[in-house]
Each structure stands twice: as structure tokens, then as C-alpha cells.
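Residue numbers (the working numbering), protein chains in the order written: chain A, 1 to 181; chain B, 1 to 84.
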């Protein structure tokens, strides 16, 4: 099972004031707050931890078919391992000057993931990638279920392959679980 | 506080974080902050902090979990105001 989350660092700077009173306290556990505040780059740590939490939450929500809840403090980060109510996820985070991108997965899950500029339509790019991979696919679209969880339609049929989308500011990304036969 | 007054105060609070203005125009009790208004999940905490400041209440973690729709937010604010 997989989930992903991207943060456009430039947009995050204008959208959120992480130093606002109560902000860190409502989103992060005491240990996470200490980790952020003792860092030499606290703002970057805020978004690294946040993207891990979001990515893990998406994987968790999909895994257990859960209704949306706002539970940032129940999602606990310890380095790359994220725990949500005893379920464990491993995250991989990529940091550049422009963005922070995390993919969360249940241990040993394989995946494909790509990041795009939002000026390019992610659905179109995803179609191009998939068409190259399989000649049997002629029609691809993205849909969302009642809980807001995205899935892929392949040739008009709902695919069971776990799939997650994220976009923020100038960036969009997808992650798709790879089927290991 | 009358329900309409509360709704109007809540609308003012969420407005700066809304990315889908169409959703704000058609705001009802069933409006979902993320699905309908496209509020960024990192900004939901600002909505909660603004609600705390505006109504002088404290939103605990348990209440925060549910604050994803207009209806749930109004119920939580009303309950917290009644406790005061």
C-alpha cells in the first residue's frame, strides 16, 4: 500500500506561518517539535515531517478504507518510519531547493513515482507513460472514491492497483504500487 | 449565538484559506473543507487556531479530528461555547 505528498516550499512559505502560536503544537508530537526546533533548518524539517505524515496518512486511509479525519498528532514520525495507530509505514523523502516529496509504503511494497511541473497535465503524462508500458491500454483516467481516494480507470474498468496523487503549487506527483508477480 | 451568526463567522474565518471560490459561494452545512473548498490540509490547523481565537475556546485533538466540514465545525463550536 502506498501514499505520497509534495510540498512546494515557496508556496508553503506564503501559505503557512509555522511559527504561529499553537501551530506546531497542534500538528506535531512533543518529540517532533523538539526535533524541528533543535534543527539548523527548522522550516525544512517542518515540511519534511509534514509530507511524511501526509503520505503515510494517505496510505493508511486507503489500506483500511477510512473516512477522512484530521489526526496529525496520531501520525508519529521517527526518522523515516511513520506509525499511525500501530500501523507502520516506511517513508522516502526527496528534498530539493524547490520542493519536499515523500512516498510512504507498507514495508517491502514496490512502486513507481514521478514528479511533474503542474503546467503539464499529470493525467496526460501518466497516460503517455502507461501507453508506452502496455499496448493493451488505450484509455486511462483518474477518479476519486467517496472518501476522496484516487484510483485509475484502465479501458473503462476500475483498476485495483493502489495509486496516490499529490499536487501543491508548481508541482504534482503520482505514485503507483508496482505489482510483483 | 444564533446558528446563522455562527455560520457567518465561520465563513469569514475559512475564506482566506479557500482555493475553490465557487465552493465558498455555495457554502452549506454539508460543505467539506478539503473536497469542496480545496483548503490545504496544512491550513486546516490555521482554521482551527482562528476558530479558537474568534470564539475564545479550546479545540482539543479529539474535536479537531472531526473538523473537516462546516456542520462538524459548528457542532464543535456550539459544544465548546456551551461548556464555557
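Using N, Cα and C, we set each Cβ at its ideal position, and we do this for glycine too.
Asked	Found
Residue 77 of chain A: buried (16+ other C-beta within 10 angstroms of its C-beta) or exposed?	buried
Is it true that the stretch 150-160 of chain A meets the stretch 102-111 of chain A, where meeting means three or more beta-carbon pairs spaced less than 8 Å apart?	no
For the putative contact between residue 3 of chain B and residue 74 of chain B, defined by C-beta atoms under 8 Å, what is the C-beta separation to the nearest angstrom?	7 Å
Which class does residue 153 of chain A belong to by DSSP, given the choice of helix, strand or coil?	strand
Under 7 Å between the Cβ atoms of residue 70 of chain A and residue 6 of chain A?	no
Can you tell me whether residue 32 of chain A is buried or exposed, with buried defined as 16 or more other CB within 10 angstroms of its CB?	buried
At a CB-CB cut-off below 7 Å, which residues of chain B make contact with residue 27 of chain A?	45
In whole angstroms, what is the alpha-carbon distance linking residue 28 of chain B and residue 70 of chain B?	7 Å
Hey, out of A:2, A:83 and A:62, whose CA is closest to residue 148 of chain A's CA?	A:62
Taking contact to mean at least 3 C-beta pairs separated by less than 8 Å, is the stretch 134-150 of chain A in contact with the stretch 13-30 of chain B?	no
Ordered along the chain, which non-local residues of its own chain (more than five positions away) have a Cβ less than 8 Å from that of residue 80 of chain A?	52, 90, 91, 92 and 93
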